[in-house]
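Student: There's a structure below that I have some questions on.
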Amino acid sequence: MLVRDGRITGVLDWACLCVGDPACDIKIAWAVLDVQTRPIFRERLEVDEATWARARGWAPSQAIGALAYYLHAYPVIVEEARRWLVEALADV
């Protein structure tokens, strides 16, 4: 929220932040694929370095959000989110 003089003057909605950025779709590489299959996925899509780096950044971002939101409610997603986080951080 944006606040001026103690009053809300606007709201920033990040939901559309990734519209049009292929990195948001490519982030599944760390959620679905393993270390052996990720390079094949990248090669077949012909992903440039900048897009790949942004996608790798989206993976831990989503993992951290899922961990915080589902920590005590959805253990399956928590386990998956931990794996995404480990996969993305190990691939740096």
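In my numbering, the protein residues as written are 21 to 112.
All C-beta atoms, glycine included, are put in the ideal place defined by N, C-alpha and C.
By DSSP, does G85 sit in helix, in strand, or in coil?
Tutor: On the sequence shown, residue 85 is found 65 positions in, with the first residue counted as 1. The answer is helix: DSSP assigns G85 an H, G or I state.
Student: Tell me which residues share the same chain as A49 and place their Cβ nearer than 6 Å to its Cβ, disregarding the 5 neighbours each side in the sequence.
Tutor: As a working note, residue 49 is residue 29 in the sequence shown. The answer, listed in chain order, is R58, F61.
Student: What span of residues does the alpha helix (DSSP H) with V98 cover, start to end?
Tutor: Your numbering for residue 98 matches position 78 in the sequence shown. Counting along the chain, the alpha helix (DSSP H) containing V98 begins and ends at 95-110.
Student: Could you tell me which residues DSSP pairs with G30 in its beta bridges?
Tutor: In the sequence shown, the residue the question calls residue 30 occupies position 10. Answer by DSSP bridge pairing, in chain order: L22.
Student: Buried or exposed: which applies to L105, given that a residue is buried once 16 or more other Cβ atoms fall within 10 Å of its Cβ?
Tutor: Start at 1 with the first residue of the sequence shown, and residue 105 comes out as number 85. So L105 counts as buried.
Student: Would you report the Cα separation of L22 and G30, rounded to the nearest angstrom?
Tutor: The count along the sequence shown starts at 1 and reaches residue 22 at position 2. The count along the sequence shown starts at 1 and reaches residue 30 at position 10. Near 5 Å, if we compare the C-alpha coordinates of G30 and L22.
Student: Which complete alpha helix (DSSP H) runs does the stretch 31-83 hold, if anything under 4 residues is left out?
Tutor: 43-46, 48-52, 58-65
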